[in-house]
Amino acid sequence: MQVIVDDPVRVPALRRRVRDDLIGLCGVAIVLVVVCHFWFGRACGGLDVLLVLSGFFVGGRVLRHIGSARPMTLAAEAGRAARWLVPPLVLVVVVSAVLTVLVQPQTRWEAFADQTLASLGFYQNWQLLQSADDYVQAGEAVTPLHHLWAISALGQFVLAFFVLAGTVIAVTVRRGRGARRTILVATSGVAAAASLYYAVTTQSDNPMLAYYSTAARAWEVLVGVLAAALVAGPVGRLRWPGWLRAGAAAAGLAAILVCGALTERTMQSPGIWTLIPVAATVLVIVSAAQGTSPRTNEFLRSTPLVTIGAAAYPLYLWHWPLLIFWLATINDDAVGLVDGGVVLLVAVLLALLTARWVQLPWRRETDVRLVSSAVVVLVVMVLVATSLMWQGQVVLARASGAELGMLSIRDYPGAQALIENRRVAKLPMRPTVLEADDDIPPSSIDHCVTGFTGAEVITCVYGDPKGTRTIALAGGSHSEHWLTALHQIGRQHGFKVTTYMKFGCPLTTKRVPIIAGSFEAYPSCRTWSDNALAQIIADRPDYVFFTSTRPILNRPGDYVPDYYLGIWDELSANRIPMLGMRDTPWMIRDGWFFSPVDCLAKGGDADSCGLPREDALAQRNPTLDYLADYPLMKVLDLSDAVCRPTICRAVEGNVLVYHDAHHLSAAYVRTLTTELARQMSDALGWW
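If you read the sequence shown in the numbering used here, its first letter stands for residue -10, the second for the next number, and so on.
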């Protein structure tokens, strides 16, 4: 009997719902993020890769179920996303709250409470945008929840995407699956293009807004959604040569690794340069869309990368707070290779445990979900209640400090203790460590300062509004903190003080300014400075008051920047006199900012929380070297009213000198009023 064997029938390989190579790519991306945060003080392209992959995973599941018109199907997917995001987040916030109380001074508890509410409410990216914080540069004074802005932005996107999908289902009930899918993909494409345009146009003028804004980040996640549509559609059906797939995968992975090392954050996030890691991620995704894998994808399927990739989300959550708490413990702003490696290993271990015992049971075990849901809700309620209670405590402390403007000069002489060598009674410091953060100039209270994200010129009038003479107070916060004294002097001697100020932005001719103490480009500062200078020249005040020096951040002393001289040239050319105030010392040790308030809250004293004078100030005011070239410049210098001959202390005359790392407290500036009025009288001859 002859047996006839038919030719074998080739059956396409069943595609995995979850691709191990992409899980491994998550591992590569999270390693980039962690290494760059720990040792390079900036964000590499790893976060962009993670956003694209998040869009791919979420979008792929929604597209698979978009054919169902049942709302419950979509609701189940939304619940799955929530179970993936929320429990590990709550765990990390709880542990961070406990460590904050144990390790951090009370001065940082308020910021932690604010960010706890913002993190649990998934709006932290907007909260950070309002406070203009830059989390990429780690430091002991940075809160341990800064990095959760990305989780907030992702959570906002996931919610918006499910709402969009639900809307598409609702308006296409009588249409087929293909129509719903086409509408969702087309809408995602249009939204991605609009988001990319917004990111590119915003990044040049306002990089901070572009960095944190959900609208500027959405295109990265939407590209992942579009990649999922391509893999399930034409790309998945297209037979393209193996060498092309191998080249795409290798080029994609190489671009991800290289761009993180070569691209500066100011160029990359999230403007046109972000297209490199985003496009590279798409190349890796589509390279194995047909089920067969090039060698690069097989490398990404290696056990170590898949293991790390499966725990990428918990590792992202854990790495930053562990780094911050370690820096707070060692009282430093950078980790070395050894201690940083140990912290990293602890973060990896916690991430693996979190993935195994927190995330996995939520995905598989219904009974565990019910019990754990109740626990998570209860913990969230406790965190919210505790945060609100501490915020209320701080508000009460500051309300009790409303009399700071009326402190007795006998008991709280402040600068007068230095100027007149007064004896000082032993009394509690004012403002206290909890009052300090709100002890600010009136312009900040009145919102008369342009924010970090704007370029418009805001002017307000202080002193004597009916005065016939005008002093224009111009520049950033180091000009602003003198307003407390100038306002009083103006009222006493009958002149107006008109403010032209922007946070972190002195009048400058620098082409691309940066925010002090960071690598953050600040192009809106130059735009504002040009606008403010033009308005000052048009208004023609009697004098322009500004700071004339800046600290040298990486070595002792202070100097006059070249980009100040261009401003002086413009004012001199327009015959407008100037009052150049030598800047007050910035609290910097070994190139890093430190906060005397935090130091005092930890139990330090006025000396140990201060700074040697020679570290902050040159022996001679650098402004004096330029007077021959600028005869319209009058020099003011209150260094001897802020610092002793050898040290700049944290407290003088029972008054806190600095309310943060480099801004004078309003209470201390009030005690400088007499000395400032004396020097101004000598310079102006008005009284």
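Every residue gets a Cβ at the ideal spot worked out from N, C-alpha and C, and that includes glycine.
For GLU664 and ILE408, believed in contact at Cβ under 8 Å, the rounded distance: Here residue 408 refers to the residue found at position 419 of the sequence shown. Here residue 664 refers to the residue found at position 675 of the sequence shown. About 6 Å separates the two Cβ atoms, so the contact holds.
Around the C-beta of PRO620, are 16 or more other C-beta atoms found within 10 angstroms, so that it is buried, or is it exposed? On the sequence shown, residue 620 is found 631 positions in, with the first residue counted as 1. By the 10 Å Cβ count, PRO620 comes out exposed.
Beta-carbon proximity list for SER177, same chain, < 7 Å, skipping 5 on both sides: The count along the sequence shown starts at 1 and reaches residue 177 at position 188. Same-chain partners within the cutoff: LEU211, VAL214, LEU215.
Specify, as a first and last residue, the run of the beta strand (DSSP E) that THR459 falls within. Indexing the sequence shown from 1 puts residue 459 at position 470. Looking at the DSSP string, the run of the beta strand (DSSP E) that includes THR459 is 458 to 464.
The beta strand (DSSP E) that contains CYS449, what's its start and end? If you number the sequence shown from 1, residue 449 lands on position 460. Where CYS449 is concerned, the enclosing beta strand (DSSP E) stretches over 448 to 452.
Compare the C-alpha of THR538 against each of ASP558, SER468, THR132 and name the closest. Counting from 1 along the sequence shown, the entry for residue 538 is found at position 549. Nearest of ASP558, SER468, THR132 to THR538, Cα basis: SER468.
In the structure shown, what three-state DSSP assignment does VAL131 receive? Locating residue 131 in the sequence shown gives position 142, where the first residue counts as 1. Correct three-state label for VAL131: coil.
In the DSSP assignment, find the unbroken beta strand (DSSP E) run with THR536 in it and report its ends. Along the sequence shown, one-based indexing puts residue 536 at 547. Run containing THR536: 532 to 536, per the beta strand (DSSP E) assignment.
Leaving out five residues before and five after GLU445 in sequence, what residues of the same chain have Cβ atoms less than 8 Å from its Cβ? The sequence position of residue 445 within the sequence shown is 456, counting from 1. Contacts found: THR439, TRP517, ASN520.
MET395 burial status per 10 Å Cβ neighbour count (16 or more: buried): Walking along the sequence shown from the start, residue 395 turns up at place 406. Classification for MET395: exposed.
ASN672 by DSSP, collapsed to three states: which one? Translated into the one-based positions of the sequence shown, residue 672 becomes position 683. Before going further, note that residue 672 is Ala rather than Asn in the sequence given. In the structure shown, ALA672 sits in a helix (DSSP, three-state: H, G or I).
Cβ contact (3+ pairs, closer than 8 Å) linking the region 259 to 277 and the region 83 to 100: no
To test your reading of the DSSP string, which unbroken alpha helix (DSSP H) runs of 4 or more residues are found completely within the region 371 to 450? 405 to 408, 431 to 434
Taking the beta strand (DSSP E) that PHE484 falls in, what are its first and last residues? Residue numbering aside, residue 484 sits at position 495 when the sequence shown is read from its first letter. From DSSP, the beta strand (DSSP E) with PHE484 extends over 484 to 490.
On the DSSP letters alone, give me the boundaries of the alpha helix (DSSP H) that MET567 sits inside. In the sequence shown, counting from the first residue as 1, residue 567 sits at position 578. MET567 -> not in any alpha helix (DSSP H); beta strand (DSSP E) instead, spanning 567 to 570.
What does the Cβ neighbour count give for TRP262, buried or exposed, with the cut at 16 atoms within 10 Å? Here residue 262 is taken as the residue at index 273 of the sequence shown, counted from 1. With 16 or more other Cβ atoms within 10 Å, it is buried.
How many Å lie between SER597 and HIS652 at the Cα? Within the sequence shown, numbered from 1, the residue matching residue 597 stands at position 608. Within the sequence shown, numbered from 1, the residue matching residue 652 stands at position 663. Each residue's Cα considered, the two are about 18 Å apart.
7 Å Cβ shell around SER85 - same chain, five flanking residues per side excluded: Taking the sequence shown and counting its residues from 1, one reaches residue 85 at position 96. PRO133, LEU134, PRO310.
Looking at C-beta atoms only, is the number of pairs between the region 537 to 555 and the region 496 to 504 that lie closer than 8 Å three or more? yes
With C-beta atoms as the reference, is ILE55 less than 8 Å away from LEU153? Walking along the sequence shown from the start, residue 55 turns up at place 66. Walking along the sequence shown from the start, residue 153 turns up at place 164. Against a cut-off of 8 Å, the Cβ pair of LEU153 and ILE55 comes out as no contact.
Proximity of LYS485 and GLY464 at Cβ, strictly below 8 Å: Counted from its first residue, the sequence shown places residue 485 at position 496. Counted from its first residue, the sequence shown places residue 464 at position 475. No, Cβ-Cβ distance for LYS485 and GLY464 is not below 8 Å.
Check whether the region 595 to 614 and the region 366 to 379 touch, using three or more Cβ-Cβ pairs below 8 Å as the test. No, because fewer than three Cβ pairs between the region 595 to 614 and the region 366 to 379 fall closer than 8 Å, the two stretches do not touch.
CB-CB under 7 Å to PHE27, same chain, minus the five flanking residues each way: which ones, in chain order? As a working mapping, residue 27 is identified with position 38 in the sequence shown. Closer than 7 Å at the Cβ level, and outside the excluded window around PHE27, lie LEU312, VAL324, GLY329, LEU333.
For a test of the three-state rule: what should DSSP assign to CYS637, helix, strand or coil? The residue given as residue 637 occupies position 648 in the sequence shown. In the three-state reduction of the DSSP assignment, CYS637 falls in the strand class.
Between LEU342 and chain D, is any beta-carbon pair separated by less than 8 Å? Protein chains in the displayed structure number just one, and chain D is not present.
Quick one, are the C-beta atoms of PRO566 and MET576 less than 8 Å apart? Residue mapping note: residue 566 aligns to position 577 of the sequence shown, counting from 1. Residue mapping note: residue 576 aligns to position 587 of the sequence shown, counting from 1. Between PRO566 and MET576, the gap from beta carbon to beta carbon reaches 8 Å or more.
Looking at the structure shown, is TYR657 part of a helix, part of a strand, or coil, going by DSSP? Here residue 657 refers to the residue found at position 668 when the sequence shown is read from its first residue. TYR657 falls in the helix class under three-state DSSP.
So, helix, strand or coil for TRP315, using DSSP? Numbered from 1 along the sequence shown, position 326 holds the residue referred to as residue 315. In this structure, TRP315 counts as helix in the three-state DSSP scheme.
DSSP beta-bridge partners for ALA605? Walking along the sequence shown from the start, residue 605 turns up at place 616. None, per the DSSP bridge assignment.
Would you kindly report the start and end of the unbroken alpha helix (DSSP H) that includes LEU211? Mapped onto the sequence shown, residue 211 falls at position 222. First-last of the alpha helix (DSSP H) with LEU211: 203 to 221.
For PRO402, I'd like the list of residues in its chain whose CB is within less than 6 Å of its CB, leaving aside the five on either flank, ordered along the chain. Taking the sequence shown and counting its residues from 1, the one referred to as residue 402 is at position 413. Listed in chain order, the non-local C-beta contacts of PRO402 below 6 Å within the same chain comprise ARG411, GLY642, local neighbours out to five positions each way being set aside.
Sorry if obvious, but does the Cβ on LEU316 come closer than 7 Å to a heavy atom of the ligand SAH? With respect to the ligand SAH, the structure shown offers nothing to examine, as it has no ligands at all.
Residue environment, GLY48, which counts as buried when at least 16 other CB atoms sit within 10 Å: Along the sequence shown, read from residue 1 onward, the residue named residue 48 stands at position 59. GLY48 comes out buried.
Is it buried or exposed for ASP(-4), if we count other Cβ within 10 angstroms and need 16 for buried? Taking the sequence shown and counting its residues from 1, one reaches residue -4 at position 7. Only weak support is given to the placement of ASP(-4): the predicted model assigns it a pLDDT of 42, under 50, and the value that follows is read from those uncertain coordinates. When all chains shown are included, ASP(-4) counts as exposed.
DSSP bridge partner residues for LEU542 (one or two, in chain order): Stepping through the sequence shown from its first residue, residue 542 is reached at position 553. LEU542 is not bridged to any residue.
For ASP649, does the three-state DSSP call read helix, strand or coil? Locating residue 649 in the sequence shown gives position 660, counting from the first residue. The three-state secondary structure of ASP649, taken from DSSP, is coil.
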